[in-house]
Amino acid sequence: MKQAYLKYILALILFGSNGIVASHIGLSSYEIVLLRSLLGSILLVALFFLTGHELTARQYKRDLLFIALSGIAMAANWLLLFEAYVQIGVSLGMLINYCGPAIVVALSSLLFKERLAWNQAIALLAALFGAILISGQAMIDGLSIWGLLCAVLSAFAYAAMVILNKKSINIMGMENAMLQLLFAFVTIAVFVGYKLGFAIEIETGDWIPILWLGFINTGISCYFYFSSIGRLPVQTVAICGYLEPLSAVLLSVVFLHESMLPVKILGTVLIVGGALFGECAFNRKCSV
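In case it helps, the numbering used here puts the sequence shown at residues 1158 to 1445.
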């Protein structure tokens, strides 16, 4: 369990830096997501077979279906989120996207029969209220409605991704991550090919951030993420998941010089405070 927590937290921090890395790439958001999913898929496929794993997905067709659907939801989440980064900024796009965990928790008791304790509910409400504060300030500031809509829709896609992947109980670990990313790549490729075509002109200076985003922030991070969430309760995945927008906010302030107004500070404190309180409550419950 401790190893699953460590892998999950590291994946979240790397995911939180996606917008920072993408900001150094001179391509459209859709092209960045396409290259990200392609390189990440190549890395995971190579690691899967080089480490001696065997493909078992054919034995579990129901699980494979859920992974495929989860991969489609992942593709939608990435396409919407990276467009939100362009339209409204990294920190705001990520924070609105992380209304997704609240949606997951709201549905988890129904789908997985996981009981939601009162202290976990308070933690989630605090984190959600923090996200609402920040997004509300953005609306007052007159930011792009299209960007805000992309961020909101990415939250629903995120919730679908986590819930559908949780339904796969036999295909886990690296195989789960590899298949998930492959289905996401195919979905993204179909979308980008239809919308923009595949003629992508890449400047020399874009290659390093592209390779980093694809291999490290996608391939390695997806393996850490999907090999850990299957071993963690849904509520824990949702609550700890707020570490991703927290890291995105802090990194965007440091590297992109995005503003950190009092409302944004309060919202961020509520988000991380809710995450830590909820996680401590869960650990106390497990130790009883």
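A virtual CB, placed ideally from N, CA and C, is assigned to each residue, including glycine.
Local conformation of E1332 per DSSP, three classes: Residue numbering aside, residue 1332 sits at position 175 when the sequence shown is read from its first letter. Three-state DSSP puts E1332 in a helix.
Proximity below 8 angstroms, CB of L1321 to CB of L1226: Counted from its first residue, the sequence shown places residue 1321 at position 164. Counted from its first residue, the sequence shown places residue 1226 at position 69. The answer is yes: Cβ separation under 8 angstroms.
Separation of G1173 from V1347, as counted between CA atoms: The residue you call residue 1347 lines up with position 190 of the sequence shown. The residue you call residue 1173 lines up with position 16 of the sequence shown. Rounded to the nearest angstrom, the two C-alpha atoms are 26 angstroms apart.
Neighbourhood of W1235 by C-beta, 6 angstroms cutoff - its chain only, sequence neighbours within 5 removed: By one-based count along the sequence shown, residue 1235 stands at place 78. For W1235, where only same-chain residues beyond five positions count, the Cβ hits under 6 angstroms are V1190.
Beta carbon of S1301 nearer than 8 angstroms to that of Q1244: As a position in the sequence shown, residue 1301 is number 144, starting the count at 1. As a position in the sequence shown, residue 1244 is number 87, starting the count at 1. Yes, Cβ-Cβ distance for S1301 and Q1244 is below 8 angstroms.
Helix, strand or coil at T1375 according to DSSP, with G and I counted as helix: By 1-based counting over the sequence shown, the position of residue 1375 is 218. Three-state result, T1375: helix.
Cα-Cα separation, G1246 to Q1216: For the purposes of this step, residue 1246 is taken as the residue at position 89 of the sequence shown. For the purposes of this step, residue 1216 is taken as the residue at position 59 of the sequence shown. Each residue's Cα considered, the two are about 43 angstroms apart.
Which of helix, strand or coil DSSP assigns to N1234: Along the sequence shown, one-based indexing puts residue 1234 at 77. The answer is helix: DSSP assigns N1234 an H, G or I state.
Per-residue DSSP class, three states only, for C1307: As a first step, residue 1307 must be located in the sequence shown, where it is residue number 150. Of the three classes helix, strand and coil, the one that applies to C1307 here is helix, per DSSP.
Host alpha helix (DSSP H) of F1355 (start-end): Along the sequence shown, read from residue 1 onward, the residue named residue 1355 stands at position 198. Here F1355 belongs to no alpha helix (DSSP H), and DSSP marks it neither H nor E.
DSSP-derived helix/strand/coil call for P1402: Here the question's residue 1402 lines up with position 245 in the sequence shown. Of the three classes helix, strand and coil, the one that applies to P1402 here is helix, per DSSP.
Coarse secondary structure for P1390, derived from DSSP in three states: Here residue 1390 corresponds to residue number 233 of the sequence shown, with the count starting at 1. It is coil, neither helix nor strand.
E1211 burial status per 10 Å Cβ neighbour count (16 or more: buried): For this step, residue 1211 is matched to residue 54 along the sequence shown. Exposed is the call here.
D1298, DSSP secondary structure in three states: The count along the sequence shown starts at 1 and reaches residue 1298 at position 141. Of the three classes helix, strand and coil, the one that applies to D1298 here is coil, per DSSP.
Inter-residue Cα distance where the pair is Y1351 and G1430: Taking the first residue of the sequence shown as 1, we reach residue 1351 at position 194. Taking the first residue of the sequence shown as 1, we reach residue 1430 at position 273. Near 43 angstroms, if we compare the C-alpha coordinates of G1430 and Y1351.
Endpoints, alpha helix (DSSP H) assigned at R1193: To locate residue 1193, count along the sequence shown from 1; it is residue 36. Note, R1193: alpha helix (DSSP H), 1186-1207.
Residue range of the alpha helix (DSSP H) that includes G1163: Residue numbering aside, residue 1163 sits at position 6 when the sequence shown is read from its first letter. What sits at residue 1163 in the sequence shown is Leu, not Gly. Segment 1159-1173, the alpha helix (DSSP H) holding L1163.
Inter-residue Cα distance where the pair is V1406 and M1251: Here the question's residue 1406 lines up with position 249 in the sequence shown. Here the question's residue 1251 lines up with position 94 in the sequence shown. Cα to Cα, the separation comes out at about 8 angstroms.
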